[in-house]
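Residue numbers (our numbering): 217 to 445. In this text, a Cβ means the ideal position worked out from N, Cα and C, and glycines have one as well. For reference, the structure is listed below as structure tokens.
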Ligand code: 1GP
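Printed below as a string of structure tokens:
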């Protein structure tokens, strides 16, 4: 069906934001490897279900990035569970996941569930304050990546700059630490050149906001990734 390890490009759609059918079709047929549904603000079951049913008209793999248990529904190909490594509060690394497994563990399709070790680098990002994060230096981020690979054996380490373009040098340094764990980079990619720069190092780049703000340019990020692979 699909091999997650071969993915290079993911579009992230926010169930709380409007997107026309025409744009959604272009996104789904763009050649991106998967669509991730996720957001921080006001993610509702209704919003998730509506977006899911629209994406399902297309064959592209569809992932739910779980931010609240209230909006979890069957029907996605994969469920990504963020575990926020640089949160100051253990809740965002362990406790909400623990509670979710206590409540739903017997029903979970474990083969479709994937942990993402998150490091949120942009202090202006909503997720940064929402998950009570601590500002990480490059050295901190590199150590989190090493923990993701060697201690936790997370399938994914996600360097998150949501809303701002991050440091490609750091992405390169992180990639040097990761063999088994896939490196996802997301944040501020708005055009072909930025996509190409980050995709040199990250295994997967994630493009979100640009779909709402610079649609035509955002679609071109798919071609950028293919150019270097
Ligand atoms: C957000 O990493 C993704 O979770 C993508 O970031 O919205 O800034 O593209 P942007």
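query, result
"Whose C-alpha, out of 234, 228, 266, 254, is nearest the C-alpha of residue 248?", "228"
"How many angstroms separate the CA atom of residue 359 from the CA atom of residue 316?", "27 Å"
"Assign residue 236 to buried or exposed, taking buried as 16 or more other Cβ atoms, counted over all protein chains shown, within 10 Å of its Cβ.", "exposed"
"Out of curiosity, what's the CA-to-CA distance linking residue 415 and residue 444?", "8 Å"
"Look at the alpha carbon of residue 427 and the alpha carbon of residue 355, and state the distance between them as a whole number of angstroms.", "32 Å"
"Between which two residues does the beta strand (DSSP E) harbouring residue 373 extend?", "372-376"
"How close, in whole Å, do the beta carbons of residue 329 and residue 295 come, if the pair is a contact with beta carbons under 8 Å?", "5 Å"
"Between the beta-carbon of residue 439 and the beta-carbon of residue 423, is there less than 9 Å?", "no"
"Measuring CA to CA, which of 404, 361, 405, 406 is closest to residue 388?", "361"
"Using 8 Å as the cut-off, classify the Cβ of residue 422 as near or not near the heavy atoms of the ligand 1GP, replying yes or no.", "yes"
"Would you kindly work out how many angstroms separate the C-alpha atoms of residue 303 and residue 404, rounded to a whole number?", "21 Å"
"Is residue 269 close to chain B, meaning its C-beta is less than 9 Å from at least one C-beta of that chain?", "In the structure shown, chain B cannot be found, because there is only a single protein chain."
"Would you say residue 440 touches the ligand 1GP, meaning its beta carbon is less than 8 Å from a heavy atom?", "no"
"Are the CB atoms of residue 271 and residue 240 nearer to each other than 9 Å?", "yes"
"In whole angstroms, what is the alpha-carbon distance linking residue 402 and residue 287?", "22 Å"
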